[in-house]
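**Q** Here it is, the structure in full.
2 protein chains.
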Amino acid sequence: MIHALKLFNSLKREKEDFKPIQEGRIGMYVCGPTVYSDVHLGNCRTFVSFDIIYRYLLYAGYKVRYVRNITDVGHLLDDGEDRMSRGARLDQLEPMEVAQRYTVGFHDMMQIFNTKAPSIEPRATGHIIEQIKMVEDILARGYAYEKDGSVYFNTPKFLEDGYPYGELSGRVIDELLNESRDNLKKQDEKNHPSDFALWIKASEDHLMRWPSPWSIGFPGWHLECSAMSTKYLGERFDIHGGGNDLKFPHHENEIAQSMGACGTAPANYWLHTNMLLLNGRKMSKSEGNTISPTELFSGNSQHISKGYSPMSVKFFFLQAHYRSPLDITDDALQAAEKGFKRLMETLKVLDIITLQFNASATEKDKEILNTIRESKSHMDDDFNVPNSLASIFDLISIVNSLKDGHISSQEVSQSCWDTLKEHLKTMIFEVFALKNDVEESSSKSMDGLMQLILELRADVRERKDWTTADKIRESLKDAGIQVKDGKEGTSWSYDI
Amino acid sequence: MIHALKLFNSLKREKEDFKPIQEGRIGMYVCGPTVYSDVHLGNCRTFVSFDIIYRYLLYAGYKVRYVRNITDVGHLLDDGEDRMSRGARLDQLEPMEVAQRYTVGFHDMMQIFNTKAPSIEPRATGHIIEQIKMVEDILARGYAYEKDGSVYFNTPKFLEDGYPYGELSGRVIDELLNESRDNLKKQDEKNHPSDFALWIKASEDHLMRWPSPWSIGFPGWHLECSAMSTKYLGERFDIHGGGNDLKFPHHENEIAQSMGACGTAPANYWLHTNMLLLNGRKMSKSEGNTISPTELFSGNSQHISKGYSPMSVKFFFLQAHYRSPLDITDDALQAAEKGFKRLMETLKVLDIITLQFNASATEKDKEILNTIRESKSHMDDDFNVPNSLASIFDLISIVNSLKDGHISSQEVSQSCWDTLKEHLKTMIFEVFALKNDVEESSSKSMDGLMQLILELRADVRERKDWTTADKIRESLKDAGIQVKDGKEGTSWSYDI
Chain Z
0 MIHALKLFNS LKREKEDFKP IQEGRIGMYV CGPTVYSDVH LGNCRTFVSF
50 DIIYRYLLYA GYKVRYVRNI TDVGHLLDDG EDRMSRGARL DQLEPMEVAQ
100 RYTVGFHDMM QIFNTKAPSI EPRATGHIIE QIKMVEDILA RGYAYEKDGS
150 VYFNTPKFLE DGYPYGELSG RVIDELLNES RDNLKKQDEK NHPSDFALWI
200 KASEDHLMRW PSPWSIGFPG WHLECSAMST KYLGERFDIH GGGNDLKFPH
250 HENEIAQSMG ACGTAPANYW LHTNMLLLNG RKMSKSEGNT ISPTELFSGN
300 SQHISKGYSP MSVKFFFLQA HYRSPLDITD DALQAAEKGF KRLMETLKVL
350 DIITLQFNAS ATEKDKEILN TIRESKSHMD DDFNVPNSLA SIFDLISIVN
400 SLKDGHISSQ EVSQSCWDTL KEHLKTMIFE VFALKNDVEE SSSKSMDGLM
450 QLILELRADV RERKDWTTAD KIRESLKDAG IQVKDGKEGT SWSYDI
Chain F
0 MIHALKLFNS LKREKEDFKP IQEGRIGMYV CGPTVYSDVH LGNCRTFVSF
50 DIIYRYLLYA GYKVRYVRNI TDVGHLLDDG EDRMSRGARL DQLEPMEVAQ
100 RYTVGFHDMM QIFNTKAPSI EPRATGHIIE QIKMVEDILA RGYAYEKDGS
150 VYFNTPKFLE DGYPYGELSG RVIDELLNES RDNLKKQDEK NHPSDFALWI
200 KASEDHLMRW PSPWSIGFPG WHLECSAMST KYLGERFDIH GGGNDLKFPH
250 HENEIAQSMG ACGTAPANYW LHTNMLLLNG RKMSKSEGNT ISPTELFSGN
300 SQHISKGYSP MSVKFFFLQA HYRSPLDITD DALQAAEKGF KRLMETLKVL
350 DIITLQFNAS ATEKDKEILN TIRESKSHMD DDFNVPNSLA SIFDLISIVN
400 SLKDGHISSQ EVSQSCWDTL KEHLKTMIFE VFALKNDVEE SSSKSMDGLM
450 QLILELRADV RERKDWTTAD KIRESLKDAG IQVKDGKEGT SWSYDI
């Protein structure tokens, strides 16, 4: 059965019952990365949050089309050097080469965090035709105007006709007068400071450029998401997500563009993730208060005492609700690492516990099944991961108590145990998508272990304890390891 | 110093000295996968071959822009079912969702084979504007004509004006009359059977479609590579590569399109990889004579006796020159696996050999340095990987002889040893991009080893051999392993 969900809708500033447009189906659009620099840790948190939301929606029985774009329109300029060889294509800086490097880096990082690829991952440069079409639609409905090859959205006209502008971000147009991102450049061209660019005529040195009815130019930076969400999810879809910092102007302008082009708002529910702090303060490169994912993994940063595995970091992310800020501190990371380790140890034990459970239902069953239910209903309630995890840890305690004999296995029925086992694995590995990345570092340990075994083997041989020597030989063979005694001593290798 | 190279140019059917258009720089375009099904093993071989070529060009001192496209224009049709809900976007089959699934699968497979991402990976759907522009250019120069919303290349006119058609594939136009791929459909629209489509008007049920000056339609399947290679590498670039099966009509038509649009052929050197056979015969699904990469890895196929690791398969690919066919047989795979294992074992030994080498140059040095030179000159000679590998294996033999004492370390100078070590690692890990994927399966072995150690530990304790017990404790601690003695016996875990 499909779960009923409650979502906190940023547009209404309250939790609402979720009603999909089509029963059982969800269209979800999330603003993806700009691929002209390495992905920030804050972005990683956002994409991990939406990955868990995506995975939970699938778990909850929905058929989901999850679209996350790649912003690969880069505003790189011809540096003017080497003009003599401009004709030689290979000498020119190629924005797509830069975009490719960071797209690959982004995908690698998403894989490191064990996230699922979205259903569609459209690129802004791949949808110029659709963006031009949208500008034409907005122009045709009278909510944009052209000036010298550029096209601007007409915000006052939009408001005049009763459309909302500022509803999502809670800003009023007077405030916007002083804040508009486009204030500084080309403001002479705009009729009103709150108007924003839909299409921009390219200057001589702007490398990325496409033909359009108005000029050789490029799309304004809000347009791609409107055009691509419409193309793949329709004019109106269920969920639009992104980081808090995108509420204004990006998402506000997306709403205006969609309403300008076709009269309807794009999404019914807007979900926004909150920011990452570092030692209580906003991350800021200029103040040195920043840490990158790779620094976090390697420990190569003044802000942390050691490196943390990607899954420990991910588990740390899960400690806060997606709508709450999360403060990175070394202490909090260490605590998360410990919790993660405990979780993984218990999960490792799950399959090897061989206890005699009760054949029929018990009192304890009720408690366990109730906690399982809780861990899901917390997720149904606006994807409350930390609360759900708390229930999961209650279940983990029960497993450990069973293992240690503090609870007798006769107090729990076999069927309840099976349900519990299945539920823990599904939630941890499929929904939260954690995996044991500590285990994976085993090859470092292998050399140490093999050295120890070879020393013990030498002792055994010296003692002429052939029974043990045989046992060692057999065990190594079973473990797929080949030992060779040579001139320089004994060496070992995997037996392919 | 940049290496001088010889390339076998398919266009000339002979080996030529390679002269880049710009000194020290190479623009290379390789036809990538169509992402509407899983990547074939034959494609994997092609992309692995070009990956090694790309890596070797970098090693040889060139600055390379390597472009490999993704063909994501899919010819999926609206199945006509469920017409009532056609307005509901989520109910419609979305070609990009299919393309995304197989693009991700393709990237995963390329990662499994340890290939580098190309410098740019353009998508056909992302370059419709550029393709339309190219059709306009061909029309403007008189080498195409429009019929009922579709545009066709005018092959007879092209030949009439003295341009070559059939030069790459060695076909003459009379032969083409009976072979043209487009023969069966719409041939009534074409003036001549050898003409081919540049733009195709979309039928009612064709899902992917874009506006153009001629019709709402989609580009012909040869056009994307011409448009994208021109965009990212210029009208004329150095190397164009692909599988042998693409020579005709795809590459032949690419040449015609470029010449038709701007008068020059696109690439100076055409490189083509040869095909994979299975048990001496062409792979064919209908005859059951086929094997997929995953079947090869898992062993789940009637054609092989067991699974082979991805690196064993890659090493098998390296046994043949890229221009030769390669026959997959279980015996050949087993032989490759053995050779690969031997290679990895020797490379593992490289860093741990502690021999006293000669302080000054020796006679043996000359032989070693000469073999190193050979291993490179084979690669300079049209990327002859098998010959280069043979030289590498001569070096491997020397390393093994040194290790076993068959050659005294005094016969080799320290500086020569350092060069040898560096060269082997660079060629194997950086150029051929192999890695020890046997090592990585160590976690399976870990459990077996730990079980053995814990048993030995119990024996030792029973014997009250505290010295050995202490040694075991210390070694495990050093290996990062924590042992807990509990009620249910002893368990172990990694010590985070």
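Just so you know, the sequences run in chain order Z and F. Residue numbers for the first sequence follow numbering that gives the first Met the number 0, so the first one is 0 and each next one is one higher. Residue numbers for the second sequence follow numbering that gives the first Met the number 0, so the first one is 0 and each next one is one higher. Using N, Cα and C, we set each Cβ at its ideal position, and we do this for glycine too.
Report the CB separation of residue 245 of chain Z from residue 30 of chain Z in whole angstroms; it is logged as a contact under 8 Å.
**A** Position 246 of the first sequence holds residue 245 of chain Z. Position 31 of the first sequence holds residue 30 of chain Z. Contact holds; Cβ gap of about 6 Å.
**Q** Which stretch, first to last residue, makes up the beta strand (DSSP E) that contains residue 225 of chain F?
**A** To locate residue 225 of chain F, count along the second sequence from 1; it is residue 226. Residue 225 of chain F -> not in any beta strand (DSSP E); alpha helix (DSSP H) instead, spanning 222-232.
**Q** Could you give the DSSP three-state label for residue 507 of chain F: helix, strand or coil?
**A** No statement about residue 507 of chain F is possible, as the shown extent of chain F runs from 0 to 495 and does not include it.
**Q** Output needed for residue 459 of chain F: all residues of its chain with C-beta closer than 6 Å, excluding positions within five of it in sequence on either side, in chain order.
**A** Residue 459 of chain F sits at position 460 when you count from the first residue of the second sequence. Correct list, in chain order: 467, 468.
**Q** Give me the Cα-Cα distance between residue 95 of chain F and residue 73 of chain F, rounded to the nearest whole angstrom.
**A** As a first step, residue 95 of chain F must be located in the second sequence, where it is residue number 96. As a first step, residue 73 of chain F must be located in the second sequence, where it is residue number 74. Each residue's alpha carbon lies about 8 Å from the other.
**Q** For residue 367 of chain F versus residue 411 of chain F, is the C-beta distance shorter than 8 Å?
**A** Taking the first residue of the second sequence as 1, we reach residue 367 of chain F at position 368. Taking the first residue of the second sequence as 1, we reach residue 411 of chain F at position 412. Closer than 8 Å, so yes.
**Q** Any C-beta of chain Z sitting closer than 8 Å to the C-beta of residue 81 of chain F?
**A** What you label residue 81 of chain F is simply residue 82 of the second sequence in a count that begins at 1. Low confidence applies here, because residue 81 of chain F scores a pLDDT of 45, under 50, leaving its location unreliable; read the following figure in that light. It does not; no Cβ of chain Z falls within 8 Å.
**Q** Where does residue 209 of chain F land, buried or exposed, given buried means 16+ other C-beta within 10 angstroms?
**A** Looking up residue 209 of chain F in the second sequence gives position 210. Buried.
**Q** Straight-line CA distance for residue 387 of chain F to residue 295 of chain Z?
**A** Along the second sequence, one-based indexing puts residue 387 of chain F at 388. Along the first sequence, one-based indexing puts residue 295 of chain Z at 296. Those two C-alpha atoms are separated by around 41 Å.
**Q** Please go through the stretch 91-154 of chain F and give each complete beta strand (DSSP E) segment of 3 or more residues, from N-terminal end onward.
**A** DSSP runs (the beta strand (DSSP E)) wholly in the stretch 91-154 of chain F: 143-146, 149-152.
**Q** Please decide whether residue 231 of chain F counts as near chain Z, where near means a Cβ-Cβ distance under 8 Å.
**A** As a first step, residue 231 of chain F is located in the second sequence; it is residue number 232 there, counting from the start. Taking Cβ atoms only, chain Z reaches closer than 8 Å to residue 231 of chain F, which makes this a yes.
**Q** DSSP on residue 15 of chain F, reduced to helix/strand/coil?
**A** If you number the second sequence from 1, residue 15 of chain F lands on position 16. Residue 15 of chain F: strand per DSSP, three-state reduction.
**Q** Starting from residue 65 of chain F, follow its DSSP beta bridges and name the residues at the other end.
**A** Counted from its first residue, the second sequence places residue 65 of chain F at position 66. Residue 65 of chain F is bridged to F:27.
**Q** Name, going along the chain, the residues of the stretch 466-483 of chain Z whose beta-carbon falls closer than 8 Å to a beta-carbon of chain F.
**A** Result list: 467, 470, 471, 474, 475, 477, 478, 479, 480.
**Q** If you measure beta-carbon to beta-carbon, which residues of the stretch 201-216 of chain F are closer than 8 Å to chain Z?
**A** The stretch 201-216 of chain F vs chain Z, Cβ under 8 Å: 209, 210.
**Q** I'd like to know if residue 455 of chain Z contacts chain F, where contact means its C-beta is closer than 8 Å to some C-beta of that chain.
**A** Looking up residue 455 of chain Z in the first sequence gives position 456. Yes - at least one Cβ of chain F is within 8 Å of the one on residue 455 of chain Z.
**Q** Could you have a look at residue 283 of chain Z and say whether DSSP puts it in helix, strand or coil?
**A** Residue mapping note: residue 283 of chain Z aligns to position 284 of the first sequence, counting from 1. DSSP places residue 283 of chain Z in strand when its eight states are reduced to three.
**Q** Tell me, please, whether the stretch 255-267 of chain Z touches the stretch 31-42 of chain Z by the rule of three or more beta-carbon pairs shorter than 8 Å.
**A** In short, these stretches do not touch, since the Cβ pair count stays below three.
**Q** Just list the residues that DSSP pairs residue 398 of chain F with in beta bridges.
**A** Counted from its first residue, the second sequence places residue 398 of chain F at position 399. Partner(s): none; residue 398 of chain F has no beta bridge.
**Q** Pick out whichever of F:405, F:316, F:360, F:229 has its Cα sitting closest to the Cα of residue 417 of chain F.
**A** Reading the second sequence from its first residue, position 418 is the one you call residue 417 of chain F. Selected option, being the one with the closest Cα: F:360.
**Q** How would you label residue 301 of chain Z, buried or exposed, when you count the other beta carbons within 10 angstroms and need 16 or more for buried?
**A** The residue you call residue 301 of chain Z lines up with position 302 of the first sequence. Classification of residue 301 of chain Z: exposed, given that the 10 Å Cβ count is below 16.
**Q** If we ignore side chains and look at the alpha-carbon of each, how far apart do residue 475 of chain F and residue 275 of chain Z end up?
**A** Translated into positions along the second sequence, residue 475 of chain F becomes position 476. Translated into positions along the first sequence, residue 275 of chain Z becomes position 276. Straight-line Cα distance between these residues: approximately 38 Å.
**Q** Nearest chain Z C-beta to residue 502 of chain F closer than 8 Å, yes or no?
**A** With chain F running from 0 to 495 in the structure shown, residue 502 of chain F is simply not present.
**Q** Could you tell me which residues DSSP pairs with residue 380 of chain Z in its beta bridges?
**A** Locating residue 380 of chain Z in the first sequence gives position 381, where the first residue counts as 1. Answer is Z:5, bridged to residue 380 of chain Z.
**Q** May I ask you to list, following chain order, the residues of the stretch 14-29 of chain F that have a beta carbon less than 7 Å from some beta carbon of chain Z?
**A** The stretch 14-29 of chain F vs chain Z, Cβ under 7 Å: 21, 24, 26.
**Q** Note down, in chain order, all residues in the stretch 358-387 of chain F with a beta-carbon under 7 Å from any beta-carbon belonging to chain Z.
**A** Against chain Z - using a Cβ distance shorter than 7 Å - the stretch 358-387 of chain F contributes no residues.
**Q** Thinking C-beta only, is residue 164 of chain F closer than 8 Å to residue 157 of chain F?
**A** By one-based count along the second sequence, residue 157 of chain F stands at place 158. By one-based count along the second sequence, residue 164 of chain F stands at place 165. Yes, they are a contact pair.
**Q** According to the Cβ coordinates, are residue 200 of chain Z and residue 147 of chain Z closer than 8 Å?
**A** Against the first sequence, residue 200 of chain Z aligns to sequence position 201. Against the first sequence, residue 147 of chain Z aligns to sequence position 148. Their beta carbons are under 8 Å apart, which means residue 200 of chain Z touches residue 147 of chain Z by this criterion.
**Q** For residue 7 of chain F, count the other beta carbons within 10 Å of its own beta carbon; 16 or more makes it buried, fewer makes it exposed. Which is it?
**A** Mapped onto the second sequence, residue 7 of chain F falls at position 8. When all chains shown are included, residue 7 of chain F counts as buried.
**Q** By the DSSP assignment, the alpha helix (DSSP H) with residue 41 of chain F in it spans what residues?
**A** Counting from one through the second sequence, the residue named residue 41 of chain F turns up at place 42. Run containing residue 41 of chain F: 40-58, per the alpha helix (DSSP H) assignment.
**Q** Do the stretch 391-409 of chain F and the stretch 9-29 of chain F meet, that is, are 3 or more Cβ pairs less than 8 Å apart?
**A** No, the stretch 391-409 of chain F is not in contact with the stretch 9-29 of chain F.
**Q** Starting from residue 313 of chain Z, follow the alpha helix (DSSP H) in both directions and report where the run begins and ends.
**A** Residue numbering aside, residue 313 of chain Z sits at position 314 when the first sequence is read from its first letter. Run containing residue 313 of chain Z: 309-316, per the alpha helix (DSSP H) assignment.
**Q** Do the stretch 62-76 of chain F and the stretch 205-225 of chain F touch if we need at least three Cβ pairs shorter than 8 Å?
**A** Short answer: they touch.
**Q** Taking 8 Å as the CB-CB cut-off, is residue 492 of chain Z touching chain F?
**A** As a first step, residue 492 of chain Z must be located in the first sequence, where it is residue number 493. For residue 492 of chain Z, the answer is yes, since a Cβ of chain F falls inside 8 Å of its Cβ.
**Q** Are the C-beta atoms of residue 312 of chain F and some chain Z residue less than 8 Å apart?
**A** Taking the second sequence and counting its residues from 1, one reaches residue 312 of chain F at position 313. Residue 312 of chain F does not count as touching chain Z.
**Q** So the alpha helix (DSSP H) residue 463 of chain F belongs to, where does it begin and stop?
**A** As a first step, residue 463 of chain F must be located in the second sequence, where it is residue number 464. Unbroken run through residue 463 of chain F: none, as it is neither H nor E.
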